[in-house]
Amino acid sequence: MVFMAEKAEIGIIGGSGIYDASFFKNSKEITMHTPYGAPSDSITIGEYNGKRIAFIPRHGRGHKIPPHMVNYKANIFALKELGVKKIIGISAVGSLNLKLKPGELIVPDQFIDMTKKRDYTFYNGPKVAHISMADPFCKYMNNIIINEAKELGIKIHNGGTYLCIEGPRFSTRAESKVFANVFKA
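12 is the number of the first residue of the sequence shown in this note's numbering; add one for each residue after it.
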């Protein structure tokens, strides 16, 4: 059971290099257990600009969990239990687009999932159900991120295709060519 003081409306999942929420005010760390096991780390709940936010480092503090071992379902379930309705996922990634320079931010509007061993759904029946992934990212949240970045003078790209492979390995040269030229990722 989660007490009201431990609720949050926004979740942040920090990727490589983003392991703490030191910018929060009135923060508290909580340890959660889910039907899917333990999340990647304890969750920090705090306030930022008047909003209650929950933060979890995807790979655990100190980057101890490789991508193929992250318990994604436990992370998402824990955030949902805290009342989170919107999640901002931060990832440090490379680019196959030579027009994009290191350090530039991209707010993707599409993704291609090339993972092979991950459990893709929370739904296991009893009926057959399908969900549209035509527009997988929240336009409302994307617009907020883009507008805030512009106000802060941060170079940001609106739209792009995020391609996820089954880490921890990177793609081969042949795969990279296909991802760049065919998928435009």
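Every residue, glycine too, gets a C-beta built ideally from N, C-alpha and C.
Between the stretch 19 to 33 and the stretch 57 to 66 there are three or more inter-stretch CB-CB distances shorter than 8 Å, so the stretches are counted as touching. Check the Cα spacing between Arg180 and each of Asn60, Thr126, Asn158: the tightest is with Thr126. Restricting attention to beta strand (DSSP E) runs no shorter than 3 residues, the stretch 95 to 170 encloses them at 97 to 100, 116 to 118, 121 to 125, 167 to 169, ordered along the chain. Shown here for Ile76: same chain residues with a beta carbon closer than 6 Å to its own, the five before and five after excluded, namely Ser51, His70 in chain order.
Cβ-Cβ distances below 8 Å link Lys128 to His79, Glu177 in the same chain, with the five nearest sequence neighbours on each side left out; the list follows chain order. Under the three-state reduction of DSSP output, Glu177 falls in the coil class, being neither helix nor strand. Going by DSSP, Asn192 is part of the alpha helix (DSSP H) stretching over 184 to 192.
Of the residues assessed, Ala32 falls on the buried side of the cut-off, its CB having 16 or more other CB atoms within 10 angstroms.
DSSP lists Gly25 as the beta-bridge partner residues of Pro68. By the Cβ test, the stretch 140 to 152 is in contact with the stretch 108 to 125, since at least three Cβ pairs between them sit closer than 8 Å. The beta carbons of Ala85 and Thr45 sit closer together than 8 Å. Annotation: the continuous beta strand (DSSP E) that includes Glu40 extends over 36 to 41. The criterion of a C-beta distance shorter than 8 Å is not satisfied by His74 and Leu111.
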